[in-house]
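Colleague:
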Amino acid sequence: MEEFSLVISVAYQFGTNAAFLLLCALGLIVILGMMNIINLAHGELMMMGAYTASLSYQAGLPFPLCVAVSFLVVGFVGAVFERLVVRRFYGRELSALVVTWGISLLLSQGTLMVFGPFLPSIPIPGGSLDVGAYSLSVYWLILIAVSIAVVVALAWLYNRTTFGLHARATMQDAAMARALGVNTGRIYMLTFSLGAGLAGFSGALLAPTASIMPFMGQQFVAPAFITVVVGGAANVIAGAVGSSVLLSLVRTPVGFYLGAFLGLVALLLAALIIIRLMPNGVSAALQRWSDRRAQSH
Amino acid sequence: MKYLALLTGPEDIGQSRLFWAVFVLLVVNFLAGPLWMSEFEASNVSYYLLNLPMALGLCLLWGYCGVLSFGQVAYFGIAGYLYGIIAGNMRGDPWGPLLGEVGGLAACAVVSAIFGYFMFYARVQRWIVPILTLVLALLLETFLGQTAGYQWRVGSVQLGGYNGMTGIPWFQLGDLTFFGYSFYYYVVLVVLVSYLGCRALVNSHHGKVMLAMREDPLRTELLGYDIRARQLAVFVIAGVLAGLSGLLYVQWGNYITPSQLGLVQAALPVIWVAVGGRSKLLAVAISAYALNWITYSLSSAGNQYALVIIGGLLVAVMLFFPDGIVVTLARNMNRQALARLFRRG
Amino acid sequence: MTTHSIVRTSALEKRFGGIVATQDVDLDIPEGELRCIIGPNGAGKSTLFALLCGIHAPDSGNIFLKDRDITALPSFRRVRLGLGLTFQTNRAFHELTVRQNLEAPFRLPQGGRSSTSEKRYQYALSTFGLDMTSDVPARELPHHRLQWLEIAMVLAGGPDVLLLDEPTAGLSPEETLQTARVLRHLNDDGLTIIVVEHDIAFVREVAERVTVLHQGAIFAEGTVADITAHDDVRRIYLGQA
Ligand SMILES: Nc1ncnc2c1ncn2[C@@H]1O[C@H](COP(=O)(O)OP(=O)(O)O)[C@@H](O)[C@H]1O
Ligand SMILES: [Mg+2]
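Protein chains in written order, with the working numbering: chain A, 1 to 297; chain B, 298 to 642; chain C, 643 to 883.
(1) Shorter than 8 Å from the beta carbon of Ala294 of chain A to some beta carbon of chain C?
(2) Tell me the rounded alpha-carbon separation between Ile310 of chain B and Leu357 of chain B.
(3) Taking Tyr522 of chain B as the query, report the chain C residues whose CB atoms sit under 7 Å from its CB, ordered along the chain.
(4) Does the beta-carbon distance from Leu538 of chain B to Gly306 of chain B come in below 8 Å?
(5) Out of C:Gly674, C:Gly858, C:Gln857 and C:Ala843, state which residue places its alpha-carbon closest to the alpha-carbon of Thr870 of chain C.
(6) Mapping the DSSP letters down to three states, classify Gly521 of chain B as helix, strand or coil.
(7) When you compare each of B:Gly461, B:Ala497, B:Asn460 and B:Ala403 to Tyr361 of chain B by their alpha carbons, which one comes out closest?
(8) Please list the segments of the beta strand (DSSP E) lying wholly inside the stretch 334-391 of chain B, counting only runs of 3 or more residues, in order along the chain.
(9) In angstroms, rounded to a whole number, what distance separates the CA positions of Arg787 of chain C and Asn732 of chain C?
(10) Should Thr162 of chain A be labelled buried (16 or more other beta-carbon atoms within 10 Å of its own) or exposed?
(11) Taking the C-alpha atoms as reference points, what is the distance between Val662 of chain C and Ser104 of chain A?
(12) In whole angstroms, what is the alpha-carbon distance linking Gln820 of chain C and Gly674 of chain C?
(13) For the alpha helix (DSSP H) containing Asn326 of chain B, name the first residue and the last one.
(14) Give the residues of chain A in contact with Gly681 of chain C, contact being defined as C-beta atoms less than 7 Å apart.
(15) Do we get a CB-CB distance below 8 Å when we pair Val533 of chain B with the residues of chain A?
(16) Relative to the C-alpha of His856 of chain C, which candidate in C:Thr651, C:Gly681, C:Arg677 and C:Asp830 has its C-alpha closest?
(17) Which residues in chain A sit within 7 Å of Arg420 of chain B, going by Cβ to Cβ distance?
(18) Under 7 Å from any heavy atom of ligand 2, does the C-beta of Ser104 of chain A make it?
(19) Let me know if Tyr300 of chain B comes out buried or exposed under the rule of 16 or more other beta-carbons within 10 Å of its beta-carbon.
(20) Which residue from C:Arg719, C:Phe748, C:Val721 and C:Asn704 puts its Cα closest to that of Ser652 of chain C?
(21) Roughly how many angstroms separate the alpha carbons of Ala271 of chain A and Pro514 of chain B, rounded to a whole number?
(22) Specify the secondary structure class of His872 of chain C as computed by DSSP and reduced to three states.
(23) Considering only heavy atoms of ligand 2, list every residue whose Cβ is less than 7 Å from one of them, following chain order.
(24) Under 7 Å from any heavy atom of ligand 1, does the C-beta of Gly413 of chain B make it?
(25) Can you list, in chain order, the residues of its chain with a C-beta nearer than 8 Å to that of Ile124 of chain A? Leave out the 5 residues immediately preceding and following it.
(26) For Asp773 of chain C, which residues does DSSP report across the bridge?
(27) Applying the criterion that 16 or more other CB atoms from any shown protein chain within 10 Å of the CB defines a buried residue, is Leu720 of chain C buried or exposed?
(28) Need the endpoints of the alpha helix (DSSP H) that Thr865 of chain C sits in, please.
(29) Indicate the three-state DSSP secondary structure (helix, strand or coil) for Ile583 of chain B in the structure shown.
(30) How long is the line joining the alpha carbons of Leu429 of chain B and Leu519 of chain B, rounded to whole angstroms?
(31) Buried or exposed for Val114 of chain A, going by 16 or more other Cβ atoms inside 10 Å?
(32) In terms of residue numbering, what span does the alpha helix (DSSP H) encompassing Lys287 of chain B cover?
(33) Do the stretch 73-81 of chain A and the stretch 238-246 of chain A touch if we need at least three Cβ pairs shorter than 8 Å?
(34) Could you say which of C:Pro700, C:Leu676, C:Ile648 and C:Lys687 lies nearest to Glu655 of chain C if we only look at CA atoms?
(35) Give me whichever residues DSSP pairs with Arg677 of chain C in a beta bridge.
(36) According to the neighbour-count rule (16 or more other Cβ atoms, all chains shown, within 10 Å of its Cβ), is Ala179 of chain A buried or exposed?
Dropping the structure here:
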């Protein structure tokens with residue numbers, strides 16, 4: 001029984017770490033995979049998600065609905081940014097990074113001026129569950145389930161819908177896709193909007209676990225960046241999942257024994273070593289591995 | 298003569314006699330500053346100047362080499378904190394501050410060399426470098442932020458958490474302590490040497506290779522260059538230059554806080570470089586000076602809009618002057634009556 | 643007449659996912675030869691060059707330069723050992739000036755190029771009519787000058803083996819002829835040249851021997867006359883649209 005509850009607890013730690021990384025990184029990696037652009041305003045979009053959730057929660061909406069509202073609102077904001085600014089920077093990846101950083105400064109400072117230094121927080125839904133000597137948060141168990149569901153939904157979107165087909169075609173060769181009649185401009189806008197929406201969605205989901213402040217996005221960006229660097233851009237879903245699983249394998253024990261900060265440091269060190277071994281990330285390595293297998297059959 | 302050619306070479310704004318005449322006048326103007334500036338004003342001007350080495354380093358890296366870093370403030374912080382620790386522990390020793398400078402800059406060189414090794418020798422894609430450098434700065438900020446307790450001290454110096462490290466000693470060489478006017482002269486000298494050094498570097502043969510790497514790394518490697526080593530070298534130079542700014546900063550204000558390494562501060566060097574025009578050192582020097590002046594004046598007037606203005610400026614420049622304001626102006630001047638100022642002599 | 647090989651590959655193989663781009667290639671180029679490589683689109687010619695220069699690592703097989711195994715060396719080392727490559731799509735530095743383009747190539751630390759390679763370089767500059775001091779951005783040059791600029795840049799490094807991937811694509815007949823003349827001259831001067839080319843007139847003009855690649859493998863090899871008379875070679879060329 002002792003061992004059993006220890007195993008459960010370790011699995012739970014591992015699951016929460018992986019879910020956290022996945023939630024932080026999904027929106028970023030969706031955009032990266034399509035346009036080779038890192039959206040530096042990602043943290044601020046997560047912050048906007050949390051703000052939307054907090055405001056609609058105060059307005060009396062049930063929490064799940066607040067999360068959905070955040071997804072839509074921030075997704076819309078993302079579409080507007082894409083139209084007005086980001087679209088002029090395709091093909092100039094470094095400039096795109098810089099301009100999205102400018103947007104991020106505007107968003108966080110603007111939020112500070114409009115809403116003040118903080119908003120009321122959202123109480124964590126669900127109670128806790130006792131397993132032996134350990135207590136697990138029901139909300140985090142839900143988050144683990146939700147992040148798996150989001151991955152499945154994305155896999156469905158990319159592999160089973162027309163949008164997904166067009167998106168994958170555009171990713172592989174935009175000029176060719178255009179020649180085949182795909183409206184790549186629209187694909188870019190929808191993808192950016194989807195990435196932003198996912199950021200808002202994650203921000204709303206993580207809002208109960210954080211204080212809701214203009215600069216709250218900062219705590220999410222470092223883990224998110226590390227996850228996408230390790231994941232790479234070759235395959236969105238495989239990269240995100242592979243990388244968050246790999247990184248939580250590092251973070252869970254280090255965080256458990258040495259504390260949360262060193263867990264984060266271990267993530268950075270792991271990232272440096274992993275990119276040295278697989279410069280194009282986990283997703284490219286997985287791709288190569290599956291090619292090899294295909295050949296030997 | 299050969300060294301003079303490095304300074305007057307074509308890879309920065311200004312080759313004509315007239316340009317150099319104006320340049321010398323400007324330097325003389327700075328040197329004569331104490332004739333009409335109060336010590337307080339001189340100290341403010343020192344502040345506007347002291348960020349120039351960091352800006353120039355980023356300009357080399359991004360504008361000339363095509364490698365973008367968002368984490369230059371990490372080296373700024375490393376050098377500043379290390380200087381505080383070393384000089385603070387050697388208080389009373391007339392050579393303590395100098396040792397602090399050497400230690401701070403050496404640490405910058407070592408950290409950037411290790412960090413750069415992993416990125417450049419892995420030949421990572423271009424977007425990875427800015428992201429990882431930013432993560433380094435954010436982690437350092439987080440680490441320093443939680444060093445508030447009494448147990449967080451090195452020798453006799455408290456790290457101080459978010460309250461920062463205070464009472465950092467002035468710079469000192471033997472019996473000569475630098476503050477007020479003497480500190481001002483010291484900053485002017487360091488900045489001038491940094492600028493001329495960078496200018497010589499970009500006009501050297503290595504400078505041409507930097508441009509080639511920016512345009513097409515693979516083509517450059519296939520001309521026979523080890524682009525990994527060359528990018529790493531520029532990355533280390535930029536790190537040391539950022540460290541130099543960090544040293545000047547702590548020697549100027551005698552304190553440093555972790556927020557100097559935070560997300561907002563990390564954005565500033567990128568903004569100075571982008572607004573001036575990353576492809577020319579002088580443009581970056583001018584914009585770094587001007588923007589430091591403006592933000593300092595705005596924020597000391599208690600203006601809460603300073604960062605919004607700066608962020609908006611960045612977005613506007615990226616949209617409407619993608620080559621930077623100063624570079625665009627200089628190029629247009631070339632075509633007009635003022636052409637003689639900047640044209641080849 | 644030396645017959646010592648300067649570039650040699652053995653059982654070279656490269657796959658991209660499921661595509662076999664290079665397969666069982668045993669190439670042997672004697673020193674001082676001018677070899678043409680022909681083959682339909684997608685035959686693996688550019689991939690072969692990329693393998694020789696280290697842009698891609700082969701899945702198996704070895705590459706030798708002057709009898710030294712260079713299979714595992716990074717690109718820049720191979721260049722310093724004497725390889726030089728121009729790309730199929732022009733990759734002179736388009737945003738830099740002509741002067742900057744010509745100043746960028748690698749110079750050996752001890753006193754620059756050897757006198758032979760300096761002579762070849764100067765010859766190429768003057769016959770191609772390139773001005774070392776021009777501050778015109780390369781992108782403003784006409785296409786043929788850009789092609790010549792890239793060749794000159796590579797010669798500036800003083801290579802012993804010059805690899806040219808379709809150097810005359812998009813050039814007029816006169817420009818093609820001019821290019822052929824320069825290559826002939828450089829080759830007569832002792833430079834080994836391997837050139838990928840579609841234009842059969844050009845091949846006739848310059849080549850001694852021709853290697854035909856097809857589906858990643860060496861399909862035929864021989865003198866120009868042999869190859870143009872070869873029925874199967876005609877078939878694979880006519881077979882493609
Ligand atoms: N980087 C690459 N990734 C995937 N496939 C490639 C790559 N480069 C070449 N190929 C494939 O390898 C084959 C040979 O291409 P290439 O060497 O360019 O032919 P050629 O130069 O003879 O026209 C083609 O089928 C091409 O699609
Ligand atoms: Mg080809």
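C-beta: ideal position from N, C-alpha, C; glycine also.
Modeller: Short version:
(1) yes
(2) 14 Å
(3) Phe718 and Phe748
(4) no
(5) C:Ala843
(6) coil
(7) B:Ala497
(8) none
(9) 11 Å
(10) exposed
(11) 46 Å
(12) 21 Å
(13) Arg314 to Ala329
(14) Result: empty, since nearest Cβ-Cβ is about 23 Å, beyond 7 Å.
(15) no
(16) C:Gly681
(17) Pro279
(18) no
(19) exposed
(20) C:Asn704
(21) 23 Å
(22) coil
(23) C:Lys687, C:Ser688, C:Gln730, C:Asp807, C:Glu808 and C:Val838
(24) no
(25) Ser137, Tyr139, Pro208 and Thr209
(26) Per DSSP, none; premise fails for Asp773 of chain C.
(27) Residue identity differs from the one stated: residue 720 of chain C is Arg in this sequence, not Leu. The residue is buried, with at least 16 neighbouring Cβ atoms inside 10 Å.
(28) Looking at the DSSP string, Thr865 of chain C is not in any alpha helix (DSSP H); the run it does join, the beta strand (DSSP E), is Ala859 to Thr865.
(29) helix
(30) 27 Å
(31) exposed
(32) Given a span of 298 to 642 for chain B in the structure shown, any question on residue 287 of chain B remains unanswerable.
(33) no
(34) C:Pro700
(35) C:Ile836 and C:Arg851
(36) exposed
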